[in-house]
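Structure first, then comments.
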Amino acid sequence: MLRDTWAEISLSRIRENMLNIRRSLPGTVKLMAVVKANGYGHGDIESAMAAMRAGADYLAVAYLEEAIRLRDAGVKLPILVLTPIGPELVQLALRHNLSLTVTSAKWFSEMRDFKPCPAGKLRVHVKMDTGLGRIGIRTKQEWDELVPWLQNEDVDVDGFYTHFATAGQEDTRFLEQQTARFLDMKEWARASGLVIRHYHCAGSVAALRFPHLAMDMVRIGAAMYGFYPAKLACPVKLEPALSLHSRLIQVKKLAAGEYLGYDNSYRAEEEEWIGTVPIGYADGWAQRMQGTDVLIGGHRAPIVGKICMDQLMIKLPAPYAEGTPVTLIGAQGGQRITFAELAAHIGSVAQEVSTSLGTRVARTYKDIEEVRTRWDKTTWPDDISQAVI
Ligand SMILES: Cc1ncc(COP(=O)(O)O)c(C=O)c1O
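Going by the numbering used here, the residue at position 50 of the sequence shown is 50; the numbering climbs one at a time, nothing skipped.
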């Protein structure tokens, strides 16, 4: 590691979180581990390994590149690409044995060069929009146009799914509306006579709060990394897997009235000790983190002045030596900076904080060897291992 700023990730925490989630659900429910956006910033391949060790049945990513990266790393589990891909990329997806999200008949008609792949059928999950308003089929007419394409013998309809807009809200009325809409849509699917293997609608919060919504599979992202809405009581034990650390690279004394930071954004009220920490907005520590604290020597220290691209300054409670460890997320002494606290400060969710951590922040893994060794030894059911081209 060439730089004094690093994220430490506990893969056993990810595994434990997934095991706890699995235990809370009926045994027949499959677990899809969502490892998009570099495993919510925790490392995609490593998070996938930890999830597999907890018995994940399926993986999901947002984009084709993310799925191919996992295949190239030797991952053999089924992988669902959650965002529709360009029809011209279907052959590439087939070569990597990926499951694709389909949202329209138009997609099939544009897929002019679609030919059955020697490795098997085109495996799709149909996405239904029940109220999030993002992607998916909304009307019966759109569904009816799609059905003939799905009846093609080279198409395997592996899933039929939707995504909730308000699973983390205390008010459950919109979630109930979306559920009712999805159940109606399931009737369309049933009436079409298609054989559909997995109906799924629940992400982390819906799966944990309302286990009766688990259906055939749940798609777990946030909770696997230890995130859950702070305002709700979490029904299972979840622990954040990532902590973020750095070290002081310079310490100085400011006289009363002296400025620091771009635009003279901070002025010392009195004589103050200031430390510089090598992390900035180019690493994901955005200027809107202004007003939050870091930990040093077991104490809270506020960020002062505007956060720069590569560094930020903190007001030290004492003249610490250069090289002193600084914790930006996690515990030090009796103090803790939580994802929930940072998310509340920026008016967002924990996963925005973790996914913002840039590629310049080295990821270190506490227990990767244990997970990796076991992963290599794992044997998969025949149909899955053969499906990898
Ligand atoms: C379609 C879909 N399913 C599942 C997930 C995982 O959700 P969560 O991180 O809340 O578990 C996401 C995340 O954004 C998603 O877009």
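Virtual Cβ for every residue (Gly too), placed ideally from N, Cα, C.
1) The alpha helix (DSSP H) that contains K186, what's its start and end?
2) For the alpha helix (DSSP H) that contains P148, what are its first and last residues?
3) When DSSP labels each residue in this structure, what does S385 get in the three-state scheme?
4) Give the DSSP-derived three-state secondary structure of G330 in the structure shown.
5) Take G297 and list the residues in its own chain whose beta-carbon comes closer than 8 Å to its own, dropping the five residues that flank it on each side.
6) Note down the Cα distance separating F339 from I329, rounded to an integer number of angstroms.
7) Go through the stretch 275–342 residue by residue and report every complete run of the beta strand (DSSP E) that reaches 3 residues or more, in order.
8) CB V90 to CB L59, shorter than 9 Å?
9) Per DSSP, which residues does S104 bridge with? Please list them.
10) Here's the rule: buried if 16 or more other CB atoms are within 10 angstroms of the residue's CB, otherwise exposed. What is M309?
11) From the DSSP secondary-structure annotation, give me the bridge partner or partners of E272.
12) If you draw a straight line from the alpha carbon of E187 to that of K231, how long is it in whole angstroms?
13) I'd like to check one pair, R247 with M5: are the Cβ atoms closer than 9 Å?
14) Please list, in chain order, all residues of the same chain as T13 whose beta carbon is under 6 Å from its beta carbon, the five residues on each side excluded.
15) Determine the direct distance from the alpha carbon of Y281 to that of K253, and round the result to whole angstroms.
16) Is T364 helix, strand or coil when you go by DSSP?
17) Please report the straight-line C-alpha distance between S99 and D154, rounded to a whole angstrom.
18) What I want to know is whether the C-beta of G257 ends up closer than 8 Å to one or more non-hydrogen atoms of ligand 1.
19) Given A62, which residues of its chain have a CB within under 8 Å of its CB, disregarding the five upstream and five downstream residues?
20) Just how far apart, CA to CA, sit D383 and I368?
21) Name the DSSP beta bridge partners of F160, please?
22) Quick check on the burial criterion: 16 or more other C-beta atoms within 10 angstroms. Buried or exposed for L2?
23) Does the Cβ of N97 have 16 or more other Cβ atoms within 10 Å, making it buried, or fewer, making it exposed?
24) With A54 and M18 assumed to form a contact (beta carbons below 8 Å), what rounded beta-carbon distance in angstroms separates them?
25) What first and last residue would you give for the alpha helix (DSSP H) that runs through K36?
26) Could you tell me the alpha carbon to alpha carbon distance between P302 and T355, rounded to whole angstroms?
27) Any residues whose CB sits closer than 5 Å to a heavy atom of ligand 1? List them in chain order?
28) Taking 9 Å as the cut-off, decide whether the C-beta atoms of V29 and D263 are in contact.
29) Decide if the stretch 99–108 is in contact with the stretch 137–144; the criterion is three or more beta carbon pairs, one per stretch, under 8 Å apart.
30) Report the rounded CA-to-CA distance for S24 versus L208, giving the unit in angstroms.
31) Apply the 10 Å Cβ neighbour rule to D171 and answer buried if 16 or more other Cβ atoms are within range, or exposed otherwise.
32) With a threshold of 6 Å on Cβ separation, who are the neighbours of Q311 within its own chain once the five nearest residues in sequence on each side are excluded?
33) Tell me, please, which residues DSSP counts as bridged to A33.
34) From the DSSP output, which residues share a beta bridge with S99?
35) Cβ of I274 within 9 Å of Cβ of K315?
The answer reads as follows:
1) 173–192
2) 140–150
3) Low local confidence applies: a pLDDT of 32 at S385 is under 50, so the model's placement there is unreliable, and no value is given.
4) strand
5) P317, A318, Y320, T324, Q332, G333
6) 7 Å
7) 293–296, 299–304, 312–316, 325–332, 335–337
8) no
9) The partner list for S104 (beta bridge, DSSP) is empty, contrary to what the question assumes.
10) exposed
11) L254
12) 35 Å
13) Reading the sequence as shown, one finds Thr at residue 5 and not Met. Cβ distance < 9 Å, so T5 and R247 count as in contact.
14) A small fix is needed here, since residue 13 is Arg in this sequence, not Thr. Cβ within range, chain order: E239, A241.
15) 24 Å
16) strand
17) 13 Å
18) no
19) K36, A37, V81, L82, T83
20) At D383 the pLDDT is 38, less than 50, meaning the model places this residue with poor confidence; the figure from the coordinates comes in the next sentence. Answer to the nearest angstrom: the Cα atoms are 27 Å apart.
21) V126, Y199
22) exposed
23) buried
24) Your pair A54 and M18 checks out as a contact, with CB atoms roughly 3 Å apart and the cut at 8 Å.
25) 36–40
26) Whole-angstrom Cα-Cα distance: 23 Å.
27) V34, L82, H163, G203, S204, R219, G221, A222
28) no
29) yes
30) S24 and L208: Cα-Cα distance of roughly 7 Å.
31) exposed
32) T276, P278, G280
33) In the DSSP output, where bridge partners are listed per residue, A33 has L59, I220.
34) L80
35) yes
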